[in-house]
């Protein structure tokens, strides 16, 4: 093993050789042997090996392996120095291997080392983006779980920082191609991260690009398969996928496949849905998703059939007036409960799809059915007016800080919900029913959009976790003629949908929440 003095002497030989440095192979071998010495020798070797690496292609493997030994040294200062110098080995055909090595080194728990690895990866990314992606995706597909997880997060956070001259169209095409391979077997959290990566690519900002992303999501959602409402994993996957698809829909990128699936497979099973997410009103979440998508539904093959299913589900939440006894009082014990949040979603969805078949209520329903519906609408509208008056009275004169209390926030949202329902009911009372009014769903930001203007990014942000409805009376929370008594929903926080489980568990040996067996240990 060479001493410090021998290392310096051989360094001097190489440094003085200038253009003939490649003739001093023995001197470089001495420096390579420095990795077998003590702390001082290793530290010097970590600096000297990369400095002359390019002059000795026949010793490339030995040099890279020597540097890797230093990257795994027990001394943290030696590891950091060795990692810092790794980009100097990223030349020609060695670059993908160095990228692969650096990707594996992302598993370090030392924050300084982790930052060095990130910086080194970014450095070689700018040298050769395709080669670096080769190393990253190699580990994502075959590496250990911790390496895979951190490599995906590296891509999701760092790609957007790279300049356009690095992220060329060809590079973005490679990212899409490799991502499709990974998406054959991913967890829910990984899927969300990949949607964030892909939706940020410039080449996928076009209508055709967005359509590609919608098709990717549809494949993950298994829309060709029968829906299993009693399987919480199946329900969970559909919700997560749909949440990723919603921001992609527009007047040019239609939600038809998803809306059709929800009408045909999900709505009939709404009451039997199960979810692994504790405290989640799964029925309301499904109805909110349907409402958001219904605005961008294109031509539907079985429109009348699906509109009828939606209509039938709406009737379930719009009760008939209670029967009156001979003395004029209610024969039953109490007034029916009005579930405003559910009705807002269902009525909005029906209103959106009804535009495509405007004679549904008049020509497709028999007279008795239409009469029944009008009675239900009228009864609901009466209760609605009482509730709106109560809310306006409660909020009258309140401004600024007074409106920021939890109770008043709930009342503000409840007023949005009830006003929306009121507008939609008025439309349906027209003869013939009208579908011209527009409302903003209570959980969405209000925007002034001119006719023909495209949706802005504020509408929903790509890849964001879904928001839970910020309140309004929950199921059975209010009787329509009773004054407010504090029984409002207290759940006002933005809904942060928990990413869980695995998709495509039957494709790569990855079960729900687990991944297939992979080799362990050093893969350099």
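In the numbering used here, the protein residues as written are 2 to 525.
Quick reminder that beta carbons are idealized off the backbone N, C-alpha and C, glycines included.
{"Check": "Beta-carbon contacts of residue 114 that lie in its chain and below 8 Å, excluding the five residues immediately before and after", "Outcome": "77, 80, 81, 84, 106"}
{"Check": "8 Å Cβ cutoff met for residue 119 and residue 155", "Outcome": "yes"}
{"Check": "Chain-order list of residues whose beta-carbon lies under 8 Å from that of residue 344 (same chain, five-residue window excluded)", "Outcome": "315, 318, 319, 381, 422"}
{"Check": "Residue 91: first and last residue of the uninterrupted alpha helix (DSSP H) it sits in", "Outcome": "Looking at the DSSP string, residue 91 is not in any alpha helix (DSSP H), and its letter there is neither H nor E."}
{"Check": "For residue 130 and residue 50, the rounded distance between their alpha carbons", "Outcome": "25 Å"}
{"Check": "First and last residue of the uninterrupted alpha helix (DSSP H) at residue 196", "Outcome": "189 to 200"}
{"Check": "C-alpha gap between residue 43 and residue 27, whole angstroms", "Outcome": "18 Å"}
{"Check": "Per-residue DSSP class, three states only, for residue 357", "Outcome": "coil"}
{"Check": "From 358, 127, 408, residue whose alpha carbon lies closest to that of residue 97", "Outcome": "127"}
{"Check": "When 231, 224, 232 are compared against residue 242, the one with the closest alpha-carbon", "Outcome": "224"}
{"Check": "For residue 338, three-class secondary structure by DSSP", "Outcome": "strand"}
{"Check": "Touching by the beta-carbon criterion (3+ pairs, under 8 Å), the stretch 431 to 446 and the stretch 403 to 410", "Outcome": "no"}
{"Check": "Three-state secondary structure assigned by DSSP to residue 272", "Outcome": "helix"}
{"Check": "Exposure label - residue 88; buried when at least 16 CB within 10 Å", "Outcome": "buried"}
{"Check": "Rounded distance between the beta-carbons of residue 47 and residue 54, thought under 8 Å", "Outcome": "Contact doesn't hold; Cβ gap of about 12 Å is too wide."}
{"Check": "Contacts around residue 413, its chain only, beta-carbon distance under 8 Å, and the 5 residues preceding and following it disregarded", "Outcome": "396, 404"}
{"Check": "Pairwise C-alpha distance: residue 86 and residue 274", "Outcome": "55 Å"}
{"Check": "Counted within 10 angstroms of its Cβ, other Cβ atoms place residue 158 as buried (16 or more) or exposed", "Outcome": "exposed"}
{"Check": "3 or more residues per run - each beta strand (DSSP E) lying fully within the stretch 220 to 252", "Outcome": "none"}
{"Check": "Cβ-based burial, residue 2 [other Cβ within 10 Å; buried from 16]", "Outcome": "exposed"}
{"Check": "Residue environment, residue 431, which counts as buried when at least 16 other CB atoms sit within 10 Å", "Outcome": "exposed"}
{"Check": "Helix, strand or coil at residue 414 according to DSSP, with G and I counted as helix", "Outcome": "helix"}
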